[in-house]
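One structure below.
Protein chains in written order, with our numbering: chain A, 17 to 210; chain B, 17 to 210.
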């Protein structure tokens, strides 16, 4: 930046220090859901049970297929975004917007996957007599337990993503105000000079 | 503010003008989901069908009861928050945080309600042979149509709330930076004076 004052330089240094610790925190916060997504994915993928009543696998239920896809996409995105986040470079507006929008979409997608799967697990445990849906977990207890575990992990991922959404919206909207801030600063100097 | 410069005054006026149009936009954006929530709520509350196969009401399904509650809470919160938003007064940090957190929670709650209800409507239309859940919409077509309408409206509410979350996070995080901005400004004056 041409003609930057000593204060502006000090600010830039402070910003760099802040953004360094923030970058580490963000990378951790992106690697954690990646791990959790992979665990939830593997538990669900291996979820099948065969007994005297018949056999059931996760792919018999469209909802669980969606859960697997959502977790897979989430794990991939978490890994990619962690790699992008860990590289120290200036945050451009377009990068902040991309992170913000993708984080928001992923948060909603993974929350929706968790919610619909919870509904199916709930129906599998309790059934619904009004619409003649019988409970199935009496016959397929192990299947239901694993599904519950996978869904619970998905909800922890949702929490991580809610935090990431917060972080990326903070990054974007504090960035948004940066030009106004430097305009104020210039303005302040001008007034003092006049 | 004691000793404010003309430029700072002009900025304050600009801020006031911006916040006035933003306030109107926000109030509209809060009244819209209120109306939609009430419509979705009424459609679901009146949703019952009796025919030769038996009778079904929304309250037979726990999910639809949750949808009704979520829509009711959402309508109430939308109205209250619209009233708070329409009154012109300085936005305090605690108010910005309250709006931000409640908007986020409502967005997730209404999205989850929409998602689980979609799952139930889907199962009611298609059934799931693997877990012996039969489709019910062949027998209760009118019930399913009304439920679909209510769920669709709930998704539009989710979109409104996603926008509101965006707005309140923008408000909060641009507010967050305000103290840094005025610090810059002061700093600018000091440097110019030295």
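Virtual Cβ for every residue (Gly too), placed ideally from N, Cα, C.
Using a Cβ-Cβ cut-off of 8 angstroms, state whether residue 195 of chain A counts as contacting chain B. Within the first chain, numbered from 1, the residue matching residue 195 of chain A stands at position 179. In this prediction, residue 195 of chain A scores a pLDDT of 40, lower than 50, which makes its location untrustworthy; the coordinate-derived value is nonetheless stated afterwards. False, the Cβ-Cβ gap to chain B never drops below 8 angstroms.
Partner residues on chain B for residue 124 of chain A, Cβ-Cβ distance less than 7 angstroms: Reading the first chain from its first residue, position 108 is the one you call residue 124 of chain A. Ordered by position in chain B, the residues that pass the 7 angstroms Cβ test against residue 124 of chain A are 127.
Mind checking which residues open and close the beta strand (DSSP E) that includes residue 67 of chain B? What you label residue 67 of chain B is simply residue 51 of the second chain in a count that begins at 1. If you look at residue 67 of chain B, you'll find it in the beta strand (DSSP E) that goes 64-67.
In DSSP terms, what residue 88 of chain B is bridged to: Within the second chain, the letter at position 72 stands for residue 88 of chain B. Beta-bridge pairing links residue 88 of chain B to no other residue.
So what's residue 108 of chain A in DSSP terms, helix, strand or just coil? Within the first chain, residue 108 of chain A is the residue found at index 92, counting from 1. Reduced to three states, the DSSP call for residue 108 of chain A is coil.
Which of the residues in the stretch 84-113 of chain B, read from start to end, lie with their CB under 8 angstroms from any CB of chain A? The stretch 84-113 of chain B vs chain A, Cβ under 8 angstroms: nothing.
What residues in its chain sit with their C-beta under 7 angstroms from that of residue 150 of chain A, if we drop five residues either side in the sequence? Start at 1 with the first residue of the first chain, and residue 150 of chain A comes out as number 134. Within the same chain, Cβ atoms closer than 7 angstroms to the Cβ of residue 150 of chain A are found at 143, the five residues on either side in sequence being excluded.
Please check the pair residue 112 of chain A and residue 188 of chain A, which I expect to be a contact at CB under 8 angstroms, by giving their CB distance rounded to whole angstroms. Indexing the first chain from 1 puts residue 112 of chain A at position 96. Indexing the first chain from 1 puts residue 188 of chain A at position 172. That pair is a contact at about 4 angstroms.
Output yes if chain A places a C-beta closer than 8 angstroms to the C-beta of residue 136 of chain B; else output no. Along the second chain, one-based indexing puts residue 136 of chain B at 120. Chain A, which has a Cβ nearer than 8 angstroms to the Cβ of residue 136 of chain B, makes this yes.
is_contact[residue 66 of chain B, chain A] using C-beta, thresh 8 angstroms: On the second chain, position 50 is the one that residue 66 of chain B refers to. Not flagged as an interface residue toward chain A: residue 66 of chain B, since no C-beta distance is shorter than 8 angstroms.
What residue does the beta strand (DSSP E) around residue 71 of chain A start on, and which one ends it? On the first chain, position 55 is the one that residue 71 of chain A refers to. It spans 70-73 - the beta strand (DSSP E) in which residue 71 of chain A sits, taken as one unbroken run.
Name the residues in the stretch 176-192 of chain B whose C-beta lies less than 7 angstroms from a C-beta of chain A; which are they? Of all residues in the stretch 176-192 of chain B, 185, 186, 189, 190, 192 have a Cβ within less than 7 angstroms of some Cβ in chain A.
Residues within the stretch 161-175 of chain B neighbouring chain A, beta-carbon criterion of under 7 angstroms: Residues: none.
What residues of chain A sit near residue 140 of chain B, judged by a beta carbon separation below 8 angstroms? For this step, residue 140 of chain B is matched to residue 124 along the second chain. Annotation: Cβ neighbours of residue 140 of chain B in chain A (cutoff 8 angstroms, chain order): 147.
Report the residues of the stretch 52-77 of chain B with a CB closer than 7 angstroms to any CB of chain A, ordered along the chain. From the stretch 52-77 of chain B, only 72, 76, 77 have a Cβ closer than 7 angstroms to chain A.
Please list the partners that residue 119 of chain A has in chain B, where partner means a Cβ-to-Cβ separation under 7 angstroms. Position 103 of the first chain, counted from the first residue, corresponds to residue 119 of chain A. In chain order: nothing, as chain B lies at least about 12 angstroms away.
Who does residue 144 of chain A pair with in a DSSP beta bridge? Mapped onto the first chain, residue 144 of chain A falls at position 128. BP columns for residue 144 of chain A point to A:149.
Within 8 angstroms of any Cβ in chain A, is that where the Cβ of residue 41 of chain B sits? What you label residue 41 of chain B is simply residue 25 of the second chain in a count that begins at 1. Output row for residue 41 of chain B: interface = no.
With three or more C-beta pairs closer than 8 angstroms as the rule, is the stretch 121-139 of chain B touching the stretch 44-51 of chain A? Cβ pair count under 8 angstroms is below three, so no.
List the residues of chain B whose Cβ lies closer than 7 angstroms to the Cβ of residue 152 of chain A, in chain order. Locating residue 152 of chain A in the first chain gives position 136, counting from the first residue. For a Cβ distance threshold of 7 angstroms, residue set 147 of chain B lies close to residue 152 of chain A, ordered along the chain.
Distance cut-off 7 angstroms: residue 152 of chain A Cβ against heavy atoms of the ligand ZN: Questions concerning the ligand ZN fall outside what the structure shown contains, since it holds no ligand whatsoever.
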